[in-house]
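Visitor:
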Amino acid sequence: MTETAPSPTSDSLDAAASDWSSRVAPASDAKYDYESLEEEEGAEMIKEDDVIAVVGPTILSGMPTDEDDKSPPKIRFTNALSLADSREKYKYQPDHRPAYLAPLAEGGSAMAGTPTLYILISTLSGTQLAAQFFDDLLYPLLWKIGFKKGSHTVIWTSTADSVNKFAKEVLFPNAIRGYLQTVLMLSGDGGTVDVINELCKSKDGYHGSYVKPTLCLFPLGTGNALYHSIHRPHTLPSVYIQSLRTFLTGNAVPLSTYRATFSPGARILSEQGQKNTPLHNNTLYGAVVVSYGFHATLVADSDTPEYRKHGDKRFGMAANELLNPDEGKSPPHAYKAEVKVSSDGEEMEVVGDGEHGYVLASLVSNLERTFTVSPESDKYPNGRLRLVQFGALDAGNVMKIMGAAYQGGAHIKLDEVLYREIDKLEVSFKEGGENWKWRRCCIDGTIVGIEEGGWMKVEIVKPGDEAVDISIEKSV
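First residue of the sequence shown? That's 1 in full-length UniProt numbering, and the numbers climb one at a time after it.
Structure (structure tokens):
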């Protein structure tokens, strides 16, 4: 039975927002004294790929870093009395800023009736570079374009449910009051998914007005699938510079979302499977990928502190163990399930022979910068799922397929791989036993364990019912 969200009163909304505000701190200009920074000379030495924006007579750029350095560059202010033609296009135009960025009142404070700006810093995402990105690039950029103290609120995550609480206690109450909100997500896909799930749960049964918050993505997680997909192909060496350019000049569009419903008893698994949590209405929402089989097991098994410190290399490390059980003496596990799909609203049809190696439905093209799981997916959210499936194969063939995915998505041309557009996906699990190990699904990185004899059903959320907008490049 679907739970109905009560209509909140004005008093309850004010109380929730006030309670949250007491637990976060607005940005302090005292910590970041950019007034004292001197502008350098030598604009002609700046590479175009390093330019973030040109504000008045100043070029804002990232300082060059070593090719192997994956950390964000520091920002550089350079005096440029005359600009090369190639840099004219980077001029920051305050009067033509994106709608999701508020015009500022005198002194740099936000004006009434314009978007509230939040900066969400996920301190433990990926290789924990979000704070450095904020200190060295984002905050000085905001300062330079006029966003001073009082124009935005900075939120530092402290627990695994910090983002969920923020979405529930701040974003949703303000959204149904009609407030415009913009959130700069210094996180990975997990932060975005937490926002989507909390807002979709809060919207469930609520039929009043709702103004979607806008999320601006910065790639500070592990895979950053959503970010890499909407910026495909990458035109700049630095994802950090590219994300800042999109933020300053982008457009907001609805973020396509899917709904995954599970049989009773399904649980969210966390802390290396030691903790399990019931699902709200047996439902989760996602915007990237849903999977069962090798991909889901890989994501689950690699989610340990020891693996996470290796960034996206953790997937390859865990994959080797999965593909070569018993030190290579046994074949990879054959996942037993009945898988059905439908296309163009037609009847469900069975896929495979009941034993699977890989079952994945994706809304995006890339799961990592160079791992193109669905090359025919559009660059921007369009609400179309694409299935990638293959049967139970030996380790050599699985590695051949995975390797081809790193070659621009060449795996979809292999005979072993089924690749097609779908509307719905259903998985009925045939694995026995009390252990969830071979009955785990991945919902945008969240791992769900399904009871013996259980099922999962996936479909697209109806266009117009999306929970958030997302910032994309303006060239679209």
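Ideal Cβ placement from N, Cα and C applies to all residues, glycine included.
With distances taken Cα to Cα, identify the nearest neighbour of A395 among H152, F294 and A252.
Guide: As a working mapping, residue 395 is identified with position 395 in the sequence shown. Closest option to A395, Cα to Cα, is F294.
Visitor: Pick from I470, E451, D465 and T65: whose alpha carbon is nearest that of R267?
Guide: In the sequence shown, residue 267 corresponds to position 267, counting from 1. Of the candidates I470, E451, D465 and T65, the one whose C-alpha sits nearest the C-alpha of R267 is E451.
Visitor: Evaluate contact between the region 363–372 and the region 413–428, counting only Cβ atoms and requiring at least three cross-stretch pairs below 8 Å.
Guide: As far as the Cβ criterion goes, the region 363–372 does not touch the region 413–428, which means the pair count is below three.
Visitor: Quick one: using the 10 Å Cβ neighbour count with 16 as the cut-off for buried, is S209 buried or exposed?
Guide: What you label residue 209 is simply residue 209 of the sequence shown in a count that begins at 1. It is exposed - the Cβ of S209 has fewer than 16 other Cβ atoms within 10 Å.
Visitor: Helix, strand or coil: how does DSSP classify Y419 here?
Guide: Taking the first residue of the sequence shown as 1, we reach residue 419 at position 419. Residue state, collapsed to three classes: strand.
Visitor: Check whether the region 442–456 and the region 255–262 touch, using three or more Cβ-Cβ pairs below 8 Å as the test.
Guide: Touching, per the Cβ criterion.
Visitor: On the DSSP bridge list, what partners appear for C200?
Guide: Taking the first residue of the sequence shown as 1, we reach residue 200 at position 200. DSSP, once it has assigned bridges, lists no residue as partnering C200.
Visitor: How do the region 424–431 and the region 397–406 stand: do at least 3 beta-carbon pairs fall below 8 Å, yes or no?
Guide: Result no; under three Cβ-Cβ pairs closer than 8 Å.
Visitor: Starting from W156, trace the beta strand (DSSP E) in both directions and tell me its first and last residue.
Guide: Counting from 1 along the sequence shown, the entry for residue 156 is found at position 156. First-last of the beta strand (DSSP E) with W156: H152 to W156.
Visitor: Quick check: Y240 and P72, are their CB atoms within less than 9 Å of each other?
Guide: On the sequence shown, position 240 is the one that residue 240 refers to. On the sequence shown, position 72 is the one that residue 72 refers to. Yes, the Cβ-Cβ distance between Y240 and P72 is below 9 Å.
Visitor: Is the separation between the beta-carbon of L220 and that of D49 shorter than 9 Å?
Guide: As a first step, residue 220 is located in the sequence shown; it is residue number 220 there, counting from the start. As a first step, residue 49 is located in the sequence shown; it is residue number 49 there, counting from the start. Their beta carbons are not under 9 Å apart, which means L220 does not touch D49 by this criterion.
Visitor: From the DSSP output, read off the bridge partner residues of D469.
Guide: Locating residue 469 in the sequence shown gives position 469, counting from the first residue. Paired residue(s): T214 and P254.
Visitor: Please classify I52: does DSSP put it in a helix, a strand, or coil?
Guide: If you number the sequence shown from 1, residue 52 lands on position 52. Looking at I52 - three-state DSSP - the assignment turns out to be strand.
Visitor: With a threshold of 16 other CB atoms inside 10 Å of the CB of P94, please say whether the residue is buried or exposed.
Guide: The sequence position of residue 94 within the sequence shown is 94, counting from 1. It is exposed - the Cβ of P94 has fewer than 16 other Cβ atoms within 10 Å.
Visitor: Determine the contact status of Y258 and Y292, defining contact as a CB-CB distance below 9 Å.
Guide: Counted from its first residue, the sequence shown places residue 258 at position 258. Counted from its first residue, the sequence shown places residue 292 at position 292. No. Outside cutoff.
Visitor: Alpha carbon to alpha carbon, what distance is there between Q181 and W20?
Guide: Counting from 1 along the sequence shown, the entry for residue 20 is found at position 20. Counting from 1 along the sequence shown, the entry for residue 181 is found at position 181. Low local confidence applies: a pLDDT of 49 at W20 is under 50, so the model's placement there is unreliable, with the coordinate-based value given in what follows. Approximately 15 Å, taken between the alpha carbons.
Visitor: Can you check DSSP and say which residues form a bridge with L142?
Guide: The residue given as residue 142 occupies position 142 in the sequence shown. Answer is none; L142 lacks a bridge partner.
Visitor: Suppose the cutoff is 6 Å on Cβ atoms and the five residues either side in sequence are ignored; what does the same chain contact list for T116 look like?
Guide: Working through the sequence shown from its first residue, we reach residue 116 at position 116. If we look at T116 and ignore the five residues flanking it on each side, its Cβ neighbours are Q181.
Visitor: In angstroms, rounded to a whole number, what distance separates the CA positions of G191 and N276?
Guide: Numbered from 1 along the sequence shown, position 191 holds the residue referred to as residue 191. Numbered from 1 along the sequence shown, position 276 holds the residue referred to as residue 276. Approximately 20 Å, taken between the alpha carbons.
Visitor: Using alpha carbons as the reference points, say which of T283, M317 and L284 lies closest to L298.
Guide: Residue mapping note: residue 298 aligns to position 298 of the sequence shown, counting from 1. The option with the nearest alpha carbon to L298 is M317.
Visitor: Which residue or residues does DSSP assign as beta-bridge partners of T65?
Guide: For the purposes of this step, residue 65 is taken as residue 65 along the sequence shown, with counting starting at 1. For T65, which the question treats as bridged, DSSP gives no partner whatsoever.
Visitor: Go ahead and pull the three-state DSSP assignment for I46.
Guide: As a working mapping, residue 46 is identified with position 46 in the sequence shown. I46 falls in the coil class under three-state DSSP.
Visitor: Over what stretch of residues does the beta strand (DSSP E) that includes A361 continue unbroken?
Guide: Position 361 of the sequence shown holds residue 361. Per DSSP, A361 belongs to the beta strand (DSSP E) from E355 to S362.
Visitor: Rounded to the nearest angstrom, how far is the Cβ of G62 from that of L137, given a contact under 8 Å?
Guide: Taking the first residue of the sequence shown as 1, we reach residue 62 at position 62. Taking the first residue of the sequence shown as 1, we reach residue 137 at position 137. Indeed they touch by this definition, with Cβ atoms about 7 Å apart.
Visitor: When the Cα of E368 is compared with those of Y358, N224 and Y92, which residue comes out closest?
Guide: By 1-based counting over the sequence shown, the position of residue 368 is 368. Checking every option, the nearest Cα to that of E368 belongs to N224.
Visitor: Starting from I176 and walking both ways along the alpha helix (DSSP H), at which residues does that stretch end?
Guide: To locate residue 176, count along the sequence shown from 1; it is residue 176. Unbroken alpha helix (DSSP H) run through I176: F172 to I176.
Visitor: Between the region 435–452 and the region 278–292, can you find at least three pairs of beta-carbon atoms closer than 8 Å?
Guide: Because the criterion of three Cβ pairs below 8 Å is met, the region 278–292 and the region 435–452 touch.
Visitor: Relative to the C-alpha of K149, which candidate in V183, Y139 and N164 has its C-alpha closest?
Guide: Numbered from its first residue, the sequence shown carries residue 149 at position 149. Ranking V183, Y139 and N164 by Cα distance to K149 puts Y139 first.
Visitor: To the nearest angstrom, how far is the alpha carbon of I472 from that of N366?
Guide: Counted from its first residue, the sequence shown places residue 472 at position 472. Counted from its first residue, the sequence shown places residue 366 at position 366. Near 16 Å, if we compare the C-alpha coordinates of N366 and I472.
Visitor: Can you tell which of F133, V195 and D465 has its C-alpha closest to the C-alpha of V163?
Guide: For this step, residue 163 is matched to residue 163 along the sequence shown. Comparing Cα positions, the closest option is V195.
Visitor: Measuring alpha carbon to alpha carbon, tell me which of I422, F390, G352 and D423 ends up nearest H411.
Guide: Translated into positions along the sequence shown, residue 411 becomes position 411. Answer by Cα proximity: F390.
Visitor: Alpha carbon to alpha carbon, how far is V170 from V468?
Guide: Residue 170 sits at position 170 when you count from the first residue of the sequence shown. Residue 468 sits at position 468 when you count from the first residue of the sequence shown. Spanning the two alpha carbons is a distance of roughly 14 Å.
Visitor: By Cβ distance below 8 Å, which residues in the same chain neighbour T58 in space, the five residues on each side in sequence not counted?
Guide: Locating residue 58 in the sequence shown gives position 58, counting from the first residue. Counting only Cβ-Cβ distances below 8 Å, and skipping sequence neighbours, we find E39, F77, T78, N79, A80 and K144.
Visitor: Who pairs with T277 in a beta bridge, going by DSSP?
Guide: Looking up residue 277 in the sequence shown gives position 277. T277 pairs with I268.
Visitor: So K462 and T249 are in contact, right, with Cβ under 8 Å, and what is the actual spacing, rounded?
Guide: One-based indexing of the sequence shown puts residue 462 at position 462. One-based indexing of the sequence shown puts residue 249 at position 249. The Cβ separation is near 30 Å, so there is no contact.
Visitor: Identify which residue in P332, G354 and T153 has its Cα closest to the Cα of V339.
Guide: Locating residue 339 in the sequence shown gives position 339, where the first residue counts as 1. Answer by Cα proximity: G354.
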